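Please read the structure below before turning to the comments.
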DNA sequence: TTATATTGTGCAATCCATTGCATAGAGTAT
DNA sequence: ATACTCTATGCAATGGATTGCACAATATAA
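In structure tokens, the structure reads:
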């Protein structure tokens, strides 16, 4: 195996010292132009490149940040990553991306690895299964910026960027009510996650605001996938609740629900209106397009990155940002009753 | 800013040397149980963790591999990433993910950064715009495993894992012919990329095999997006070619094509059958589901990772793997003429 | 009790780049 | 010609973990 070229190799070749080489490579004004040129040429010839680990060791800084998401192959998260990179790459930061697979154990391992890597900060969306939070405190203990996005944990001195999910829940519900619905079933996912509790909260607040009684028998639970959506649709239809809308806290659930409703000849949106959450790309590709709440993941990523940069630029002051991004409703076929007047 | 804990801090605290601490932390059998316990406790108390950069500097190995994709937020690539991680994470490797944004310039920067990071290997899918290949040779010059996936460059001593795109082109075309089509338009993307030239090759071979003349006026070009698909559909319809099928080398083009056909009241699949390529998730969520070629990105990622591991395990021998994964046709509504007999 | 084997630690060099301080040599002023 | 600046370089320590070699302390054998 060929040894890697170091500044010492260059120095030896040119009969100068490594210090001079180092300075030349960094374009120090202490070094004569002639020497700089010599060094640069030799470096190129020996195909030299800096060893970042030596640098990191010396300086204590790495210009790397850790970015942790549950899964990378989700539209939402991969677009957050895009946003983070877009913001951080031009500033000279490398983004190290990791996925927790929704496992607390893996999340801990990852953070351990990030700390070992001496990253300059951590951006993370917490795994669904995470209950313990020691690993987050370790980050804070090491005086590193910790920024949560989308899913946060309650950690002192950390920051967070999230969608205003309460508002999201509200505007979706309000929209259904505006469409004439009043018996609105709600399908939630894991209520351990703040995002889902908040959407639920928005749903309830909106009902209250409109003078509609909250009925807990209209609340159902499902996983965020199509099969689970179909299953919950069957539950809803076979229950004695006489609903006229289903608000799903996930687009995948909503899709499953729509498939099942179609199969059972329930007309969408006239018999039952459907609204999803997240505005997945497929929502507008469907034949019966799905009304949904857009969360702007790309913007969220950018925002989280900016918070990180902010904290880096004011290392002394402890800043706790708490940013809420406004969600937006995309109204589509699944809930828009243009024939509403003809129905009762 | 609090200083990070090192083995020296632990050593000082316990009145022993750093060497002993190091051995204790690595569970060396040279160290007494009593000392190990002491050290472990102290390490915990001071919230110590290893500095990977010191390690990397010392050992020359990082247990990190670089993974470069054009865009992370594409179903295809994000699933490749999943596969790579799945295979490498259990073996103790960290996967550093980067996106080239289809820019040769950024690709070069990334590889430079990876080399500076002393990664143990590079897995990459080449950017569309890349023409120069010096940066790939640098990797080889440094004796690192270089594995291309999906899109490769012609580099000695590198390996590659790809879909058998020629076969993909063949089976899709054969399927259309089996459905009774003979005037099959072909829509290609950038012919600079091997994947597209190969799909095109498969198309032509299949025509020939079936005794159908290749007509170059049936070949169209588009970008891989919906708008471009709509545009090319308009071109096709307004040309005097009298086609009965459109084989699109991308699902997004196919979707745009279908939307345009519907709008122009062309019946799918009876007037015109449509086939896409890649089996994007949305293909089966559509009301009129889209026939497409599945490329198993997850498997591709795993395969590429395995090639990497192989090369690591036989550092002396130069291995050049060239793996072709079999694509698979998913036949759906857009091309399946179940009423074929009733039509002529 | 002395010689010898065993065990547990310490010493010091190494990996690579950076940087404060020292200094040789060239240039300028008197 | 002497004293005094600069300029361009070299020297050596630093950062954190590892590891071959040396050696002290203890245990065992003779």
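Protein chains in written order, with my numbering: chain A, 1 to 344; chain B, 345 to 688. Quick reminder that beta carbons are idealized off the backbone N, C-alpha and C, glycines included. Just so it is clear, the structure is predicted and the values come from calculations on it, not from any experiment.
- Residue 181 (chain A) and residue 147 (chain A) have their C-alpha atoms roughly 39 Å apart.
- In chain order, 46, 47 and 48 place their CB closer than 7 Å to the CB of residue 5 (chain A), counting only its own chain and leaving out the 5 sequence neighbours on each side.
- Near chain B, meaning a CB-to-CB distance below 8 Å, the residues of the stretch 253 to 283 of chain A are 255, 281 and 282.
- The beta carbon of residue 517 (chain B) sits closer than 7 Å to the beta carbons of 528, 546, 547, 550, 551 and 591 from its chain, once the five residues preceding and following it are set aside; these are given in chain order.
- Along the stretch 42 to 71 of chain A, going in chain order, the ones with a CB nearer than 7 Å to a CB of chain B are 47, 49, 50, 51, 52, 53, 54, 56 and 57.
- Linking residue 135 (chain A) to residue 634 (chain B) through their CA atoms gives a straight-line distance of about 45 Å.
- Annotation for residue 52 (chain A): the continuous alpha helix (DSSP H) segment containing it runs 52 to 59.
- By the C-beta density criterion, residue 573 (chain B) is buried, having at least 16 other C-beta atoms within 10 angstroms.
- Annotation: residue 21 (chain A) to residue 43 (chain A) spans about 9 Å, alpha carbon to alpha carbon.
- At a beta-carbon threshold of 7 Å, the residues of chain A lying near residue 348 (chain B) are 142, ordered along the chain.
- The straight-line gap separating the alpha-carbon atoms of residue 371 (chain B) and residue 380 (chain B) is approximately 7 Å.
- Membership of residue 366 (chain B) in the alpha helix (DSSP H) is indicated by the continuous run 362 to 369.
- Checking the DSSP bridge columns, you'll see residue 121 (chain A) partnered with A:65.
- Excluding sequence positions up to five before and after residue 111 (chain A), its CB lies within less than 6 Å of the CB of 135, all in the same chain and listed in chain order.
- Pairing residue 149 (chain A) with residue 126 (chain A), the inter-Cα distance amounts to about 8 Å.
- For residue 456 (chain B), the enclosing alpha helix (DSSP H) has its first and last residue at 448 to 460.
- When Cβ-Cβ separations below 8 Å define contact, residue 496 (chain B) makes no contact with chain A.
- For residue 177 (chain A), same chain residues with a beta-carbon under 6 Å away, outside a window of 5 residues either side, are 210 in chain order.
- Rounded to the nearest angstrom, the Cβ distance from residue 414 (chain B) to residue 460 (chain B) is 22 Å, too far for a contact under 8 Å.
- Taking C-beta atoms under 8 Å as the contact rule, residue 632 (chain B) and residue 612 (chain B) qualify, at a distance of about 6 Å.
- In this model, residue 424 (chain B) and residue 472 (chain B) are separated by some 18 Å (Cα to Cα).
- In the structure shown, residue 148 (chain A) adopts extended strand secondary structure according to DSSP, grouped into three states.
- At least one CB atom of chain B sits nearer than 8 Å to the CB of residue 287 (chain A).
- Against chain A, the CB of residue 479 (chain B) has no partner CB under 8 Å away; the residue lies outside that interface.
- Take residue 104 (chain A), set aside five residues on each side of it, and the residues of its chain with a beta-carbon closer than 8 Å to its own are 127, 129, 130, 131 and 132, in chain order.
- Taking 7 Å as the Cβ-Cβ cut-off, the stretch 97 to 115 of chain A approaches chain B at 97, 99, 112, 113 and 115, given in chain order.
- Taking one beta carbon from each stretch, the stretch 216 to 223 of chain A and the stretch 159 to 173 of chain A have fewer than 3 pairs nearer than 8 Å; the two do not touch.
- Under the Cβ distance rule, residue 425 (chain B) counts among the residues neighbouring chain A, one pair being separated by less than 8 Å.
- Cβ neighbours of residue 508 (chain B) within its own chain (closer than 7 Å, five residues either side excluded): 668, 669, 670 and 671.
- For residue 576 (chain B), the enclosing alpha helix (DSSP H) has its first and last residue at 570 to 582.
- Chain-ordered, the chain A residues with CB closer than 7 Å to the CB of residue 438 (chain B) read 113.
- The contact set of residue 500 (chain B) on chain A, defined by CB atoms closer than 7 Å, is empty, because the minimum CB distance reaches about 15 Å.
- For residue 433 (chain B), same chain residues with a beta-carbon under 8 Å away, outside a window of 5 residues either side, are 439 in chain order.
- Using a Cβ-Cβ cut-off of 8 Å, residue 223 (chain A) does not count as an interface residue toward chain B, since no Cβ of chain B sits closer than that to its own.
- Just so you know, the alpha carbons of residue 599 (chain B) and residue 65 (chain A) end up roughly 38 Å apart.
- The beta carbons of residue 23 (chain A) and residue 30 (chain A) sit closer together than 8 Å.
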